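Sequential numbering from 49 applies to the sequence shown in our numbering.
Comments concern the structure below.
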Amino acid sequence: MKNPWEEILLTDYENHMKLDSVMQLQAMNEMMKGQFSAYPVSCVMILGIAGGNGLEHVQKDKFEKVYGVDINSSYLEEVVQRYPELDGLLECLRINLIDDADKLPKAEMVIANLLIEYIGYECFQKAVRQAKPKYVSCIIQINMEDNWVSDSPYLHVFDGLDQVHHQMEVQALEKAMREIDYYPIGTLEHMLPNGKKLVQIDYANISGAVERDGLQPDYFYPGIG
């Protein structure tokens, strides 16, 4: 059985996400600008890259490799067409993270925005273990009400996602990350017009970051405030 994300048109997804009543495409674009500039890394992997929202913020003089991973091959084809200036830097990989996380390459940083919701904590742990990043930056959606998909003309496009969606909780994600030795180093919240909010949480593998970047352990324990 196909993953429902393989059936959703990119135009439907993006048109829903950028509605004035949703505003997630715009919010994540701005948040990704910060994600790309936050840490001293030269190789970053974006899990669930979709149409490449935010890639215009990639600093070509900073990064040597950018991996874009998605399950939908048509999304990846669109990414390549949209960002020809990243040719030679960006490498798109079609990988089903639920079944084939072991195919991921290594990267110094993993970005996962609105991705964990659709693969679950355990699968995300496997993906991080495989990539072995120093830093992980993820954005999850926190729902104030029962409806996790905002009302829009595109609402029923996402009906099939019920079979793969996982409700996100900050504490549960932190627990899952600590189990694989990643600890929270910062958080950022962005309220959305429909009462939902995006929560960005950054994690570091303490031993790796201290050893490679010379950062002190105290830097990593502010936790989530």
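Note that beta-carbon positions come from the ideal geometry of N, C-alpha and C, so glycine has one too.
In this text the structure is predicted, and so the values were computed from the model without any measurement.
Which same chain residues end up closer than 6 Å to residue i when comparing Cβ atoms and leaving out the 5 residues on each side of it in sequence?
| i | result |
| --- | --- |
| Gln83 | Ile159, Ser185 |
| Met225 | Tyr251 |
| Ile94 | Gly116, Ile159 |
| Val89 | Glu156, Met157 |
Using 8 Å for Cβ pairs, my map puts residue i next to residue j. What's the rounded Cβ distance?
| i | j | result |
| --- | --- | --- |
| Val114 | Leu134 | 7 Å |
| Gln248 | Pro52 | The pair is not a contact, with the Cβ atoms about 25 Å apart (cut-off 8 Å). |
| Met79 | Leu236 | 7 Å |
| Phe111 | Val92 | 6 Å |
Near residue i, which residues of its chain fall below 7 Å by C-beta distance, leaving aside the five closest residues on each side in sequence?
| i | result |
| --- | --- |
| Met65 | Gln72, Leu73 |
| Arg177 | Ile228 |
| Glu54 | Ile119, Asn120 |
| Glu62 | Leu73, Gly99 |
| Tyr87 | Met157, Tyr183 |
| Lys108 | Leu137 |
| Met239 | Lys245 |
I'd like to know whether the C-beta atoms of residue i and residue j end up nearer to each other than 8 Å.
| i | j | result |
| --- | --- | --- |
| Ile164 | Leu221 | yes |
| Ala175 | Leu209 | no |
| Gly96 | Asn77 | no |
| His214 | Gly168 | yes |
Sorted by chain position, which residues of the same chain lie with C-beta nearer than 8 Å to residue i's C-beta, five sequence neighbours on each side aside?
| i | result |
| --- | --- |
| Leu58 | Ala98, Gly99, Asn120, Ser122, Tyr123, Glu126 |
Taking 8 Å as the cut-off, does the stretch 239-253 touch the stretch 170-190 (at least 3 CB pairs, one atom from each stretch)?
yes
Determine, using beta-carbon pairs with one atom in the stretch 67-76 and one in the stretch 136-145, whether at least three such pairs fall under 8 Å.
no
Which full runs of the beta strand (DSSP E) of 3+ residues lie inside the stretch 167-196, going along the chain?
183-190
Would you mind listing the alpha helix (DSSP H) stretches within the stretch 81-159 that are 4+ residues and don't spill past its ends, in chain order?
121-130, 145-148
Could you pull out every unbroken beta strand (DSSP E) segment of at least 3 residues lying fully inside the stretch 210-258, listed in chain order?
230-239, 245-253
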